[in-house]
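In the numbering used here, the protein residues as written are 187 to 577.
Here a beta-carbon is modelled for each residue, glycine too, at the ideal position from N, C-alpha and C.
If you're wondering where the values come from, they're calculated on a predicted model, not measured in any experiment.
This report concerns only the one structure given below.
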Ligand SMILES: Cc1cc2nc3c(=O)[nH]c(=O)nc-3n(C[C@H](O)[C@H](O)[C@H](O)COP(=O)(O)OP(=O)(O)OC[C@H]3O[C@@H](n4cnc5c(N)ncnc54)[C@H](O)[C@@H]3O)c2cc1C
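Written out as structure tokens, the structure is:
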């Protein structure tokens, strides 16, 4: 019988990555433990939106990975017992001006050529979406397959099901040190555990786990703010972002006022199932300072009024912040680590972790078991960050 302090696979971090990995690894029949320093979904995965989107992905590998993740998430609905507010309504991007409209039309063309379900929306289509939209929005685009989930519930749903497949769960257990002998020896605030393989799914804290094994993981926190709107008549039914969001995310040049640019603000509006709405967001490098900055909140509110002028009369309940685990090339690390055999990383999903969690869970299960992977993992390798020595 398997010992309770030992597992074939130990996962560190009970965010959406750790939860999805725990689900797939346990389901595959491997002996698995999940170690989380607080509670499930206590990190970034409960301080975010719940968009499972392709609309904001670069065409190519990025969008392909998202599409596979969407398909897997949809399929999981049948195996998970706790509902996670899955809604497949598509999502839209709205444009601020005619130049953005031109760029959006081009974006749709590229995504369609890649086989994705994108459509251009004109002024009239936008009016049909919501009676609250400003009259002068020239149009936008939609991605039909995008969906919304409640990430917090999704984590719990995955972990509960994983427990039925045999997962050993250790919450309120912080990993303090890891040593590699034949097995990994994982020292925590709640005792010592051993495992043959370790998966580092600690999000923005993944570099600290890496350091324990002398591994440098280039992930840094990119802070985001969100406001929560009070429950009321639906603003709209599906997720909406502005085209400028793409410019912020990929750090491309964008025309906007200085405050908007300084705080990396772009409109994102997510209707929750209970019809509160989440209004965001910002993108900034501010270390691990999680305080709400009223200047950022004001800038977000101003940006929202550009697209929804009638929001002036709406009530906001609160604001919160989260840390996106950012990597330099905007792709996550889903990889083994050559220097430490048996050590895997599943982190660095920046603003895409909700969209990409399911496929990440599946990929890690396949990597750990040395199976063929559902999509190629070369672009996600850890060693892509190794500096090439200059002559
Ligand atoms: C404002 C905002 C909006 C976002 N909106 C979206 C969106 O709409 N769609 C989308 O796809 N993505 C979105 N994201 C991104 C998404 O939230 C993240 O990519 C994702 O949550 C990262 O998940 P994770 O499991 O890697 O990290 P986390 O959820 O942070 O999980 C890591 C876990 O590791 C634990 N941990 C850390 N150190 C230790 C230790 N020493 N021992 C044990 N446990 C430890 C932490 O407590 C934490 O629970 C958004 C992010 C933000 C900030």
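Query	Result
Residue 242 versus 226, 221, 333, residue with shortest Cα-Cα distance	333
Residue 187 to residue 217 span [Cα, whole Å]	Unreliable positioning characterises residue 187 in this predicted model, as indicated by a pLDDT of 49, which lies under 50. A coordinate reading is not provided.
Segments assigned alpha helix (DSSP H), at least 4 residues, entirely inside the region 451–482	none
Sequence-distant residues of its chain with Cβ nearer than 6 Å to residue 482 (five each side left out)	411, 449, 468
Chain-order list of residues whose beta-carbon lies under 7 Å from that of residue 205 (same chain, five-residue window excluded)	226, 341, 344, 345
Continuous beta strand (DSSP E) stretch holding residue 198: start and end	192–198
Option nearest residue 384 by Cα separation, candidates 363, 376, 377, 466	363
Extent of the continuous beta strand (DSSP E) to which residue 380 belongs	377–386
beta-carbon residue 329 near ligand 1 non-hydrogen atom, thresh 8 Å	no
Close-in-space but distant-in-sequence residues of the same chain around residue 266 (CB under 6 Å, 5 per side omitted)	343, 347
Which of helix, strand or coil DSSP assigns to residue 507	strand
beta-carbon residue 191 near ligand 1 non-hydrogen atom, thresh 8 Å	no
Sequence-distant residues of its chain with Cβ nearer than 6 Å to residue 512 (five each side left out)	406, 408, 536
Contact belief for residue 505 with residue 518 at Cβ below 8 Å, rounded distance in angstroms	Going by Cβ atoms, the distance from residue 505 to residue 518 rounds to 27 Å, so no, they are not a contact pair.
For residue 429, the three-state DSSP class (helix, strand or coil)	coil
Beta-carbon proximity check, residue 509 vs residue 390, cutoff 9 Å	yes
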